[in-house]
Amino acid sequence: MQPSNDMIRQYLDDNPNAMPSQAAIELGVSELAVVLALPEAQVSQFPLSDKDELLSCLPHWGRMTTIIAVSGSVFEFKGEFPQGKYAYGYYNLITEDDGLHGHLKLDSLGAISLVSRPFRGKESHSINFFGSEGEMIFKVYLGRDSNRVLLPDQVARFNALKERSLAA
1121 MQPSNDMIRQ YLDDNPNAMP SQAAIELGVS ELAVVLALPE AQVSQFPLSD
1171 KDELLSCLPH WGRMTTIIAV SGSVFEFKGE FPQGKYAYGY YNLITEDDGL
1221 HGHLKLDSLG AISLVSRPFR GKESHSINFF GSEGEMIFKV YLGRDSNRVL
1271 LPDQVARFNA LKERSLAA
């Protein structure tokens, strides 16, 4: 039996420091199911139809942290999100020199969530890309300055995305 949204919310209330990925494992649900159960103030869904526009604007936001988790291992890249273009059935991330490279299979994208949830007691915002089965593909966290404070320009851009997604 799949846990209900109420059960997921109760787990998150009882474990306020739990990451959605941890809650998903503990509860035997997809990470998307956990994210969708977050309080409205912490999550909004970004329209999949606007994914190209989103991906094309991210390179202009500055340094962020891209996270990819696979089989319990977590890979982090700190830097600008790369420009991309479509070719050979993928959205290809292109960086001139060193940096994040990759090939996104966007036709298997199932959801994009804008998540605002504290991480280790600090304000945190991320753009979460999910596959068609609710599995996490990757996350892009807003950047921080040398004092670990979120970059105000990025917070403003993120909040504008949230407002736009709520109006859609």
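Positions in the sequence shown are counted from 1; adding 1120 to them yields the working numbering. Glycine included, C-beta positions come from ideal geometry on N, C-alpha and C.
{"Item": "contact_flag[the segment 1234-1249, the segment 1143-1161] where n(CB pairs < 8 angstroms) is 3 or more", "Value": "yes"}
{"Item": "S1233 burial status per 10 Å Cβ neighbour count (16 or more: buried)", "Value": "buried"}
{"Item": "Three-way DSSP call (helix, strand, coil) for K1225 in this model", "Value": "coil"}
{"Item": "Presumed contact (8 angstroms Cβ cut-off) between P1179 and P1202, rounded CB distance", "Value": "6 angstroms"}
{"Item": "Inter-residue spacing [alpha-carbon to alpha-carbon] between E1255 and S1150", "Value": "6 angstroms"}
{"Item": "Opposing strand residues paired with V1163 [DSSP bridges]", "Value": "V1235"}
{"Item": "Helix, strand or coil at F1278 [DSSP, three-state]", "Value": "helix"}
{"Item": "Exposure label - K1259; buried when at least 16 CB within 10 Å", "Value": "buried"}
{"Item": "Cβ contact (3+ pairs, closer than 8 angstroms) linking the segment 1127-1139 and the segment 1199-1216", "Value": "no"}
{"Item": "Per-residue burial, F1166 [other beta carbons within 10 Å of its own, 16 or more giving buried]", "Value": "buried"}
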